[in-house]
Structures are given as structure tokens and as C-alpha cells.
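The sequence shown runs 276 to 384 under my numbering. Even for Gly, the Cβ is constructed at its ideal location relative to N, Cα and C. Down below is the structure, laid out as C-alpha cells.
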Amino acid sequence: MSDKVIHVTDSNFESIVLSSDVPTLVDFWASWCAPCRAIAPVVEEIAGEYAGKLIVAKMNVDENPATPGKFGVRGIPTLILFNEGKVVDQVVGAVPKKQITDLVDKAAG
Numbered sequence: 276m277s278d279k280v281i282h283v284t285d286s287n288f289e290s291i292v293l294s295s296d297v298p299t300l301v302d303f304w305a306s307w308c309a310p311c312r313a314i315a316p317v318v319e320e321i322a323g324e325y326a327g328k329l330i331v332a333k334m335n336v337d338e339n340p341a342t343p344g345k346f347g348v349r350g351i352p353t354l355i356l357f358n359e360g361k362v363v364d365q366v367v368g369a370v371p372k373k374q375i376t377d378l379v380d381k382a383a384g
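Right, dumping it as C-alpha cells:
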């Protein structure tokens, strides 16, 4: 995993994601999830391309069940874009990179 993607947990989610002064894209995933593994390189590319304008974080839903439940994550991978502590948009599934960058451009353009 690249050093541009950070791991968040139930315990640090608020301080890293909700308190961030820049938009944050959170990838909710699990190690057993094939679509999650398929989308991981795309998420890392986006982290590099938007460095300085966007924080990219990953949260393992098996190790951190409280936060995904709070935000209604029912299927994975789910990518949720947060800005100023609020959900801006989200996508579910291994979607094309353009769909994710379009989502990010709304908040982090």
C-alpha cells in the first residue's frame, strides 16, 4: 500500500476524517473481498494524483464494525467522500476510475 493512503479505525475516524479541513475519500473494504482488491490500485492512484487536495483513507470493515454501520455501509467496496465532516457522495462496488474521480472533483477539484 502506498504511503499516500492512510488506514483509519473506529477510534481515529473522527479525528482524521470528520475533523479534516480537506475532503476525505474513505474506502470501506475487507481482505476477503475480491472487488475491494480489484479497486485498491485505483484508490492508490487517486491518492497520488490528488495529493495535497484530498486525503484518501481505507477502513477494514471486519476490524472496525462501528463506523461502517454509522454511515450505512451495506456492501463493499463502498467509497464515501466526506467534506467538512459531512457525507458529500458515495459509490458502491468496483466502479471505473472516472466515476470515482468525477465524485472527488465535486469536492476537491
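Contact between P352 and A369 is confirmed by a C-beta separation of about 6 angstroms, below the 8 angstroms threshold. With a cutoff of 9 angstroms on beta-carbon distance, V317 and F357 are scored as not near each other. Here the stretch 329–344 makes contact with the stretch 300–316; the two share three or more CB pairs at distances below 8 angstroms. In this structure, T376 and I314 do not form a Cβ contact; the two beta carbons are roughly 13 angstroms apart against a cut-off of 8 angstroms. DSSP, reduced to helix, strand and coil, places F288 within a helical segment of the structure shown. DSSP places I355 in the uninterrupted beta strand (DSSP E) bounded by T353 to N358. Annotation for A309: no residue places its beta carbon closer than 8 angstroms to its own, counting only its chain and skipping 5 residues before and after.
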